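Student: Below you'll find the structure I mean.
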Amino acid sequence: MNDDLDLGDFTQKIGAVPVPNYYGDALVSLARNNPKIVALTGDLTPATECDLFRDTFPDRFFNPGIAEANMIGLAAGMARAGDIPFVHSFSVFLTRRAYDQIAMQIAYPCLNVKLAGFLPGLTTLLGVSHQSIDDFALMRPLPNMTIIEPSGANQMAAALRSAASIDSPVYLRMHKATKVISEEEVEKEMQIGKGQLISEGDDAIIFACGHMVAEAQDAARLLKKEGITAAVANMHTLKPFDKDFVVKHATRTGVVVSAENHSIIGGLGSAISEALAENQVNSDIKFKRVGVLDTFAEGGSTSYLFKKYGLSAQHIFAAISELLKSN
């Protein structure tokens, strides 16, 4: 085992300026105020920003190695003993390899375990084996499971605080920051199960989550140049899902696009479709899902993959333009 495995470029830099470990710092801050918090990692300590926790709280840090199923069982036992385990791995390993253990040992007994999955969707150079494009679809059906994906570095601390505030399982879908953000942007609150309207617009609305919130904001700026005002909503909680928020803004604008770094099957787009169908919303509403189509991807940079597989701001722009033309 190599406890210092970092797989190359996971310590991100912009020029000569290191990007802070927003998640790692937030976890340590949380643990300082709550001695019950422990951290586990599947031999991916720096890659999941657990090295600061390891160095600060060595007696509360555990590396079970590349054995995700065993790590879930260990976390379950620790939770039953009164600890609050934060379990770390890449999203694809955490959800696929240990799915049965998560279902039976964490979700079914409703234990207070937090699952932190990193590198979701197409945000990795490492190809199909590391690209988690189905984790929403896997985790959403599990009873007792809360699902949170912060919009970026500016919401990581709030996401951790929210996860720690509930006594039940949480899946945190985390994307490592790739740029330095200003201090005033660091603290953005969130309320579990409540959508956030982060920019106004009357012609359309983009419901986005995680990495795609920034793409949605870029798309809204492109649309504004064309005289189109598109609202952007951050759907940071996929479960419980804010159906009332979706119905309200879909009805208000009449043109809806979902944007997710995930398959269009089983994730945010599906949750929006369900909300609109179950509430028998006006059939005149135009709706399109932006995300990974029914395909596997390949290795490449995030920007390259987003452009090739239809997740870029330009694709969101095109989707809204197409829907408006069909009105």
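My numbering numbers the first residue of the sequence shown as -1 and each following residue consecutively. Just so you know, even glycine gets a beta-carbon here, dropped at the ideal spot from N, CA and C. Note that this is a predicted model, so its numbers are computed, not measured.
Taking the beta carbon of residue 261 as the centre, do at least 16 other beta carbons fall within 10 Å, making it buried, or is it exposed?
Tutor: In the sequence shown, residue 261 corresponds to position 263, counting from 1. It counts as buried.
Student: Roughly how many angstroms separate the alpha carbons of residue 206 and residue 298, rounded to a whole number?
Tutor: Here residue 206 refers to the residue found at position 208 when the sequence shown is read from its first residue. Here residue 298 refers to the residue found at position 300 when the sequence shown is read from its first residue. Looking at the two C-alpha atoms, the distance is approximately 23 Å.
Student: Mark residue 43 as exposed unless 16 or more other C-beta atoms lie within 10 angstroms of its C-beta, in which case mark it buried.
Tutor: Along the sequence shown, read from residue 1 onward, the residue named residue 43 stands at position 45. By the neighbour-count rule (16 or more Cβ atoms within 10 Å), residue 43 is buried.
Student: Is residue 115 helix, strand or coil when you go by DSSP?
Tutor: Taking the first residue of the sequence shown as 1, we reach residue 115 at position 117. Three-state DSSP puts residue 115 in a strand.
Student: With DSSP collapsed to three states, give me the class of residue 247.
Tutor: Taking the first residue of the sequence shown as 1, we reach residue 247 at position 249. Helix, per DSSP.
Student: Quick one: what's residue 194 bridged to in DSSP?
Tutor: For the purposes of this step, residue 194 is taken as the residue at position 196 of the sequence shown. For residue 194, which the question treats as bridged, DSSP gives the partners 232.
Student: Name the DSSP beta bridge partners of residue 145, please?
Tutor: Reading the sequence shown from its first residue, position 147 is the one you call residue 145. 169, 237.
Student: Going by Cα to Cα distance, which pick from 111, 110, 144, 93 is closest to residue 119?
Tutor: Here residue 119 is taken as the residue at index 121 of the sequence shown, counted from 1. Closest option to residue 119, Cα to Cα, is 93.
Student: Contact defined as beta carbons within less than 8 Å: I believe residue 38 pairs with residue 201. What is the distance between those atoms, to the nearest angstrom?
Tutor: Here residue 38 refers to the residue found at position 40 of the sequence shown. Here residue 201 refers to the residue found at position 203 of the sequence shown. 47 Å between Cβ atoms; not a contact.
Student: Is residue 286 helix, strand or coil when you go by DSSP?
Tutor: What you label residue 286 is simply residue 288 of the sequence shown in a count that begins at 1. Strand, per DSSP.
Student: When the Cα of residue 315 is compared with those of 289, 257, 217, which residue comes out closest?
Tutor: As a first step, residue 315 must be located in the sequence shown, where it is residue number 317. Minimum Cα distance to residue 315 is reached at 217.
Student: Rounded to whole angstroms, what is the Cα-Cα separation between residue 240 and residue 265?
Tutor: Here residue 240 corresponds to residue number 242 of the sequence shown, with the count starting at 1. Here residue 265 corresponds to residue number 267 of the sequence shown, with the count starting at 1. The straight-line gap from Cα to Cα measures roughly 14 Å.
Student: Excluding the 5 residues preceding and the 5 following residue 301 in the sequence, name in chain order all residues of the same chain whose CB lies nearer than 8 Å to its CB.
Tutor: Position 303 of the sequence shown, counting from 1, holds the residue named residue 301. Cβ neighbours of residue 301 beyond the five flanking positions: 310.
Student: Would you please state the rounded distance, in angstroms, between the beta carbons of residue 22 and residue 40? I believe it to be under 8 Å.
Tutor: Here residue 22 is taken as the residue at index 24 of the sequence shown, counted from 1. Here residue 40 is taken as the residue at index 42 of the sequence shown, counted from 1. Not confirmed; about 16 Å, so no contact.
Student: For residue 306, which three-state DSSP category applies?
Tutor: Counted from its first residue, the sequence shown places residue 306 at position 308. Residue state, collapsed to three classes: helix.
Student: Going by C-alpha distance, which of 308, 88, 71 is nearest residue 174?
Tutor: Taking the first residue of the sequence shown as 1, we reach residue 174 at position 176. Among 308, 88, 71, the Cα nearest to that of residue 174 is on 88.
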